[in-house]
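This report concerns only the one structure given below.
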Amino acid sequence: MDPDEYIAALMRWHFTASTGSPFWLRRARSLDFDPIADVRTFADLRLFPNVVDEFRDVPVEDLIPRGLTGEDRVIAGVYESGGTTGSPKRFVMFDRWMEFALGWDEHHYAAVGPANVLAVAPSGPHMFGEFAARRARRHDGLRFTVDLDPRWIKRLIERDGPAAADAYAEHIVDQAAHILTTQAVGILITTPPLLERMARRDDLVGLIRKNVRFICWSGAHMDADSREIFQTEVFPGIPLKGLYGSTTILGMSRERPGEGLDGLALFDPPSPYIVFRVVDPATGQDVALGDRGQVVMNHLTKYALIPNNLERDHAVAAEPPPGWLGCSVADVGPVATFDDHAVIEGVY
């Protein structure tokens, strides 16, 4: 697939009256450029403003491209961002795209076989929970869930400090412990802070070592030291793989197998559908490979157009696989402030 041809075709899709969404057809009138004529390459996407704040209030029906028909138009759900930096943004997820996004890291699970899944993670209105449900179905298993509300725990931390959230987090782990003690769980999906809490309990470590055949982490930062300790000391022999994504890109990147960057997970997005850049927040210019900056995400499919979205994460820019647009990322973590809001990572 020629990247420039793909970008040009995408512009025709999203900015033609018969195929584009009401949101983008309306929004195009306020742009100071012509997307079809002027956006011909990935670099040209920088002409677009970051519009995701408008997704806080826009009717979600306006986000559906008119050209989607049949199976392409089957909606998996409406999902919201975490609400860390204000009222949440809403996005429409389509079934076919969600299945592709889930399959993006399928090779990591090839050796797992049939397995039940325990997802210690947010459910609705967050996308994380639905991905876990579909993962269980792909493994002919059942999904067990322990719900957590990342908005509430962040509010606790903001209001009363980190200690105020301890009881809530321990309540989450207590529920996970009961499932791990009484049920057969082959795949554990959770966040790094909650995995660390589980690792403090010898009984849970023993159960996970005995029964769990795959651990997937996402939703928060995992440093190189923690990653090494989990892999070599706490859960040796159990594949530990991360995902880095966002509701605002309707998907995720996968951990590159067999490689890392100074002991850190290295994440590749499914280019050209999801593409990362890492920029200097002061200038908006791309940083050099190996340097740190703020992550800019782009979702570029017929299901949605979300260009030039400055995320609330910083990361190190890394060399992408051959032929990929943009860059890969490593050492992802939250910025201290975003849109004048303090960014609180919490447990998610």
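At position 269 of the sequence shown the residue is numbered 719 (this note's numbering), and the sequence of numbers has no breaks.
Just so you know, even glycine gets a beta-carbon here, dropped at the ideal spot from N, CA and C.
Whose C-beta lies closer than 8 angstroms to the C-beta of residue i among residues of the same chain, with five residues either side of it excluded?
i: Leu592; result: Asn566, Val567, Ala586
i: Arg588; result: Leu552, Glu556, Tyr559
What residue range is occupied by the uninterrupted beta strand (DSSP E) comprising residue i?
i: Val785; result: Element bounds for Val785: n/a, residue is neither H nor E.
i: Ser676; result: Unbroken run through Ser676 is the alpha helix (DSSP H), 674-679; no beta strand (DSSP E).
i: Thr631; result: Looking at the DSSP string, Thr631 is not in any beta strand (DSSP E); the run it does join, the alpha helix (DSSP H), is 613-632.
i: Arg742; result: 742-750
i: Arg704; result: 701-705
i: Val596; result: 593-596
Do you know whose CA, among the options, lies nearest residue i's CA?
i: Phe726; options: Gln744, Val501, Thr733; result: Gln744
i: Ala582; options: Leu638, Ala626, Ala613; result: Leu638
i: Gly708; options: Lys691, Ile724, Met543; result: Lys691
i: Lys539; options: Thr697, Thr595, Trp547; result: Thr697
i: Leu645; options: Ala614, Arg677, Gln633; result: Arg677
i: Val655; options: Ala670, Ala627, Arg516, His671; result: Ala627
i: Ala561; options: Pro612, Pro689, Asp512, Met461; result: Pro689
i: Met577; options: Thr751, Arg742, Val528, Glu620; result: Val528
i: Val785; options: Asn758, Pro509, Val746; result: Val746
i: Ala765; options: Tyr753, Asp741, Ala613, Ala478; result: Asp741
i: Ile622; options: Met648, Phe541, Ala614; result: Met648
Under 6 angstroms Cβ to Cβ from residue i, same chain only, skipping five residues before and after it: list those, please.
i: Ser721; result: Trp774, Leu775
i: His464; result: Gly470, Trp474, Leu755
i: Pro731; result: Gln744
Rounded to whole angstroms, what is the Cα-Cα separation between residue i and residue j?
i: Thr469; j: Ala458; result: 14 angstroms
i: Phe788; j: Arg762; result: For Phe788, the predicted structure reports a pLDDT of 45, less than 50, and the residue's modelled location is therefore unreliable. A value from the coordinates is still provided. Spanning the two alpha carbons is a distance of roughly 6 angstroms.
i: Asp790; j: Pro600; result: Legend: pLDDT at Asp790 = 49, less than 50; position of this residue unreliable, value from coordinates given subsequently. Between Asp790 and Pro600, the C-alpha separation is close to 20 angstroms.
i: Ala715; j: Ser778; result: 11 angstroms
i: Asp616; j: Glu608; result: 13 angstroms
i: Val662; j: Ile679; result: 17 angstroms
i: Val737; j: Asp673; result: 21 angstroms
i: Thr632; j: Thr595; result: 14 angstroms
i: Met451; j: Glu683; result: 43 angstroms
i: Ser573; j: Pro509; result: 22 angstroms
i: Ser537; j: Ser531; result: 9 angstroms
Once the 5 residues before and after residue i are set aside, which same chain residues still bring their CB inside 7 angstroms of it?
i: Thr640; result: Val570, Ala571, Trp667
i: Asp488; result: Asp494, Leu497
i: Asp507; result: none
i: Asp454; result: Arg490, Thr491
i: Tyr618; result: Ile603, Leu606
i: Asp512; result: Ser471, Pro472, Phe473
i: Pro771; result: Asp718
i: Ala467; result: Leu475
i: Thr519; result: none
Quick check on the DSSP output: the alpha helix (DSSP H) that includes residue i runs from which residue to which?
i: Ala458; result: 453-464
i: Trp547; result: 545-553
i: Asn661; result: 652-661
i: Ala767; result: Not the alpha helix (DSSP H): Ala767 falls in the beta strand (DSSP E), residues 755-768.
Determine the contact status of residue i and residue j, defining contact as a CB-CB distance below 9 angstroms.
i: Ile724; j: Ile699; result: yes
i: Leu630; j: Leu598; result: no
i: Arg704; j: Trp547; result: no
i: Gly563; j: Gly636; result: yes
i: Arg523; j: Phe544; result: yes
i: Asn758; j: Pro499; result: yes
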